[in-house]
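This note's numbering numbers the first residue of the sequence shown as 1373 and each following residue consecutively.
From the three backbone atoms N, C-alpha and C, an ideal C-beta is built for every residue, glycine too.
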Amino acid sequence: MTKKLANLGLYGLGTMGSALALNILDNGFALHVSNRTDSVVADFVTEAGDLAARLTPHNDLDQMALDMPAPRAIILMVPAGAPVDDAIARLIPLLDKGDTIIDAGNADFNDTRRRTGTVEAAGLTFIGMGVSGGEEGARNGPSIMVGGTPQAWGAIRPMIDAIAAKFDGAPCADHLGPDGAGHFVKTVHNGIEYADMQLIAEVYGLMRHGAARAPAEIGQIFEQWDKGALKSYLVEITGIVLQAERDGKPAVDVIQDKAGQKGTGRWTVIEALKMGQSASTIEAAVAARGWSAEKETRGVGEGVLGGHRGAVSLPDGDYEQALLAARIIAYAQGFRILAAASDTYDWNLDFARIAEIWRAGCIIRSALLDDISDAFRGDLPQGQLFLAPTFADTLKAATPALRRVAGAAIAAGHPVPALTGALAFIDTMAQARGTTDLVQAQRDFFGRHGYEDIDGRTGQHGPWWD
Ligand code: 6PG
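Here's what the structure looks like:
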């Protein structure tokens, strides 16, 4: 049976686009599709099999827009950046008032805000929609973060709720705020994703290079951890990946240690810094990917500076606890960025709801998210996740292990920037008085910047100016 809704179109049948299109068709919706190259469209019709009954293929975007009856809702699944602007520029003259353009890629939220202005000035509606879950999620149920007007959300909600992942039967999708809010939340999701992946890789590195354990053995430990407090998609796939073989060797051993990035992790850090926030775990993860790309320099560096990497021997429970503490900080830092953005852009983000829609379908789904949503619905000291009783108790119990792991890694010469970044954040937030009194004194000394004294008087100067 075909369900009646706005006439849906999807442009961009790459890996994610075709998976999302099949998901939409599978859920009973009729769909128009097109792609930059039309051979891809023909292949997609074949791939759709029986689902093609609800499918109307078109050879290009313009033709699709012209052939679709209004009201239209056209989903763009093209690479972020210029291809999105190009598609919008082509669609604007062809669409009618009341039609909607939905960008479902990993857009920079600044672009989404700009595009919302352009599209709405033309009398159309724009939705910036973050979609997480990789290919599998797009096909069988992603987590969906929507930004746009409530009216625009209302018009597509039945379809979005149907295709989204479900947690306890409820869709992992929601309208989070206006214009760029959905894409911003997806960007921070990816920032947390980068941090969690880096933390896992650092722990793996210590077990592998510090204790010479085989990847498969470490994979089994991750498999066990996935049954406890670390339960999550990323720990689960780490267990699988580390136990996999390629040509009789551990699969991970035949992969070059150079990580790419498409931008979302970096954008998280850039936007955080612009708002005066600093997310040490995410920054460390972005930096580690950048350094990893300098493979040749590292090769030369090993000869010049290397040779000192030593053994690390700690109980597995220490690694598990260290990862748990650092993961809590990664989420907490991500939500601090969301809080800053909510204030800066007046978005009124519902943090509990965001945690809820991340519980299924997305890459950072984990057992922690239930506690995170509960914490946001309760009374949060200072509005800070890491001070919520449940997380404060866990951090108090797990931080000594994080300290042992980070300490042992540093002593033996293993880089663990994300683990130490998490620890530095905990230690900074755990002391009411630190050392920026001296920084303030220096600023006043060389620039007469003035400081606030311990009695709360601002504009004070040190004796060096008497
Ligand atoms: C997701 C992923 C997905 C993708 C990102 C990160 O939520 O499904 O985050 O969007 O993995 O684009 O990619 P990079 O690691 O290449 O930046």
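Next item on the list: Just tell me which of A1697, P1761, T1766 has its CA closest to the CA of V1777.
Entry: Here residue 1777 refers to the residue found at position 405 when the sequence shown is read from its first residue. Residue A1697 is the option with its Cα nearest to V1777.
Check: Ordered along the chain, which non-local residues of its own chain (more than five positions away) have a Cβ less than 7 angstroms from that of A1616?
Finding: Against the sequence shown, residue 1616 aligns to sequence position 244. A1623, listed in sequence order.
Next item on the list: Counting only the same chain and skipping the five closest in sequence on each side, list residues whose C-beta sits under 6 angstroms from that of S1406.
Entry: Along the sequence shown, one-based indexing puts residue 1406 at 34. Counting only Cβ-Cβ distances below 6 angstroms, and skipping sequence neighbours, we find Y1383, H1430, D1432, L1433, M1436.
Check: With a CB to CB cut of under 6 angstroms and the five nearest residues on each side skipped, what residues in its chain are close to A1553?
Finding: The count along the sequence shown starts at 1 and reaches residue 1553 at position 181. Cβ neighbours of A1553 beyond the five flanking positions: G1519, W1719.
Check: Are P1701 and A1545 touching if we call contact CB-CB under 8 angstroms?
Finding: As a working note, residue 1701 is residue 329 in the sequence shown. As a working note, residue 1545 is residue 173 in the sequence shown. Here residue 1701 turns out to be Ile, not Pro, going by the sequence shown. No; because the gap between Cβ atoms is not below 8 angstroms, this pair is not in contact.
Next item on the list: Would you decide whether Q1803 is buried or exposed? Buried here means 16 or more other CB atoms lie within 10 Å of its CB.
Entry: Residue mapping note: residue 1803 aligns to position 431 of the sequence shown, counting from 1. Answer is exposed; the Cβ neighbour count stays below 16.
Next item on the list: Reducing DSSP to helix, strand and coil, say where R1699 ends up.
Entry: Position 327 of the sequence shown, counting from 1, holds the residue named residue 1699. The answer is helix: DSSP assigns R1699 an H, G or I state.
Item checked: Rounded distance between the beta-carbons of V1503 and D1475, thought under 8 angstroms -> For the purposes of this step, residue 1475 is taken as the residue at position 103 of the sequence shown. For the purposes of this step, residue 1503 is taken as the residue at position 131 of the sequence shown. Not quite, the Cβ-Cβ distance comes to about 10 angstroms (not below 8 angstroms), so this is no contact.
Notebook entry, point to check: When DSSP builds the beta bridges, which residues end up paired with N1379?
Noted result: Start at 1 with the first residue of the sequence shown, and residue 1379 comes out as number 7. Answer by DSSP bridge pairing, in chain order: R1444.
Next item on the list: Would you please state the rounded distance, in angstroms, between the beta carbons of I1528 and A1378? I believe it to be under 8 angstroms.
Entry: As a first step, residue 1528 is located in the sequence shown; it is residue number 156 there, counting from the start. As a first step, residue 1378 is located in the sequence shown; it is residue number 6 there, counting from the start. Indeed, because the Cβ distance is near 7 angstroms, the residues count as touching under 8 angstroms.
Check: Can A1747 and T1766 be called in contact, C-beta distance under 8 angstroms?
Finding: Stepping through the sequence shown from its first residue, residue 1747 is reached at position 375. Stepping through the sequence shown from its first residue, residue 1766 is reached at position 394. Not in contact: A1747 and T1766 (Cβ atoms no closer than 8 angstroms).
Item checked: the region 1673-1682 touching the region 1704-1715, judged by at least three CB pairs closer than 8 angstroms -> Taking a cut-off of 8 angstroms on C-beta distances, the region 1673-1682 does not touch the region 1704-1715, as fewer than three cross pairs fall below it.
Next item on the list: Check each candidate in A1536, Y1717, E1419 and name the one with the smallest Cα separation from R1485.
Entry: Position 113 of the sequence shown, counting from 1, holds the residue named residue 1485. For the residues A1536, Y1717, E1419, the minimum Cα distance to R1485 belongs to Y1717.
Note to self: I'd like to confirm something about S1390: is its beta-carbon nearer than 7 angstroms to some heavy atom of ligand 1, or not?
What the structure shows: Within the sequence shown, the letter at position 18 stands for residue 1390. The answer is no for S1390.
Check: Using a Cβ-Cβ cut-off of 6 angstroms (strictly less than) and excluding sequence neighbours within five positions of P1543, which residues of its own chain qualify?
Finding: Within the sequence shown, numbered from 1, the residue matching residue 1543 stands at position 171. The residues are D1533, A1536.
Item checked: Range covered by the beta strand (DSSP E) that runs through H1547 -> The residue you call residue 1547 lines up with position 175 of the sequence shown. Per DSSP, H1547 belongs to the beta strand (DSSP E) from 1545-1549.
Margin query: In the DSSP output, what is D1468 paired with across the bridge?
Written below: As a working note, residue 1468 is residue 96 in the sequence shown. Answer is none; D1468 lacks a bridge partner.
Margin query: Per the DSSP calculation, T1428 is bridged to which residue(s)?
Written below: The residue labelled residue 1428 in the question sits at position 56 within the sequence shown. Paired residues: H1404.
Next item on the list: With DSSP collapsed to three states, give me the class of G1822.
Entry: Position 450 of the sequence shown, counted from the start, is the residue given in the question as residue 1822. Coil at G1822, not helix or strand.
Next item on the list: Could you check the C-alpha separation between Q1754 and N1399 for me, to the nearest Å?
Entry: Sequence index remark: in the sequence shown, residue 1754 carries index 382 (1-based). Sequence index remark: in the sequence shown, residue 1399 carries index 27 (1-based). Taking the straight line from one Cα to the other gives about 43 angstroms.
Next item on the list: Given a cut-off of 8 angstroms, decide if E1655 and G1793 are closer than it, judged by their beta-carbon atoms.
Entry: For the purposes of this step, residue 1793 is taken as residue 421 along the sequence shown, with counting starting at 1. For the purposes of this step, residue 1655 is taken as residue 283 along the sequence shown, with counting starting at 1. A contact, by the Cβ cut-off of 8 angstroms.
Check: G1750: buried (16+ other C-beta within 10 angstroms of its C-beta) or exposed?
Finding: Counting from 1 along the sequence shown, the entry for residue 1750 is found at position 378. Exposed.
Checklist line | K1538 in three-state terms, based on DSSP | finding: For the purposes of this step, residue 1538 is identified with residue 166 of the sequence shown, where counting begins at 1. Residue state, collapsed to three classes: strand.
Next item on the list: On a CA-only basis, which of E1419, I1826, S1604, D1625 is nearest D1809? Give me that one, please.
Entry: Translated into positions along the sequence shown, residue 1809 becomes position 437. Checked all of E1419, I1826, S1604, D1625; the closest Cα to D1809 is I1826.
Notebook entry, point to check: According to DSSP, is E1728 helix, strand or coil?
Noted result: As a position in the sequence shown, residue 1728 is number 356, starting the count at 1. Note: E1728 maps to helix in three-state DSSP.
Notebook entry, point to check: Applying the criterion that 16 or more other CB atoms from any shown protein chain within 10 Å of the CB defines a buried residue, is K1558 buried or exposed?
Noted result: Taking the first residue of the sequence shown as 1, we reach residue 1558 at position 186. Counting Cβ neighbours within 10 Å, K1558 comes out buried, since at least 16 surround it.
Note to self: Just to confirm, is the Cβ distance from L1403 to L1380 under 8 angstroms?
What the structure shows: To locate residue 1403, count along the sequence shown from 1; it is residue 31. To locate residue 1380, count along the sequence shown from 1; it is residue 8. For L1403 and L1380, yes; Cβs fall inside 8 angstroms.
Check: Which word fits M1373, buried or exposed, when buried means at least 16 other C-beta atoms lie within 10 angstroms of its C-beta?
Finding: Position 1 of the sequence shown, counted from the first residue, corresponds to residue 1373. Its pLDDT being 44, under 50, M1373 is placed unreliably in this model, and the coordinates cannot settle the point.
Check: Mind checking V1413: buried by the 16 CB within 10 Å criterion, or exposed?
Finding: In the sequence shown, residue 1413 corresponds to position 41, counting from 1. Buried, since its Cβ has 16 or more Cβ neighbours within 10 Å.
Next item on the list: Return the chain-ordered list of same chain residues with a C-beta closer than 6 angstroms to the C-beta of E1507, the five sequence neighbours on each side being excluded.
Entry: What you label residue 1507 is simply residue 135 of the sequence shown in a count that begins at 1. Within the same chain, E1507 has close Cβ partners T1387, A1391.
Note to self: Can you tell me whether I1735 is buried or exposed? The criterion is at least 16 other CB atoms within 10 Å of its CB, across all chains shown.
What the structure shows: Position 363 of the sequence shown holds residue 1735. That one is buried.
Note to self: Please identify the residue among L1423, T1472, A1424, A1493 whose C-alpha is closest to the C-alpha of I1447.
What the structure shows: Position 75 of the sequence shown, counted from the first residue, corresponds to residue 1447. For the residues L1423, T1472, A1424, A1493, the minimum Cα distance to I1447 belongs to T1472.
Checklist line | Distance cut-off 7 angstroms: T1636 Cβ against heavy atoms of ligand 1 | finding: On the sequence shown, residue 1636 is found 264 positions in, with the first residue counted as 1. Distances from the CB of T1636 to the heavy atoms of ligand 1 include at least one below 7 angstroms.
Notebook entry, point to check: Is it the case that the CB of H1561 approaches a heavy atom of ligand 1 more closely than 7 angstroms?
Noted result: Walking along the sequence shown from the start, residue 1561 turns up at place 189. Within the cutoff, so yes.
Margin query: Does the beta-carbon of S1504, which I'm using as the reference point, lie nearer than 7 angstroms to any heavy atom of ligand 1?
Written below: Residue 1504 sits at position 132 when you count from the first residue of the sequence shown. Yes.
Next item on the list: Kindly list the residues whose CB is nearer than 7 angstroms to the CB of R1462, restricted to its own chain and excluding five residues on each side of it in sequence; keep chain order.
Entry: Counting from 1 along the sequence shown, the entry for residue 1462 is found at position 90. Around R1462: L1433, D1434.
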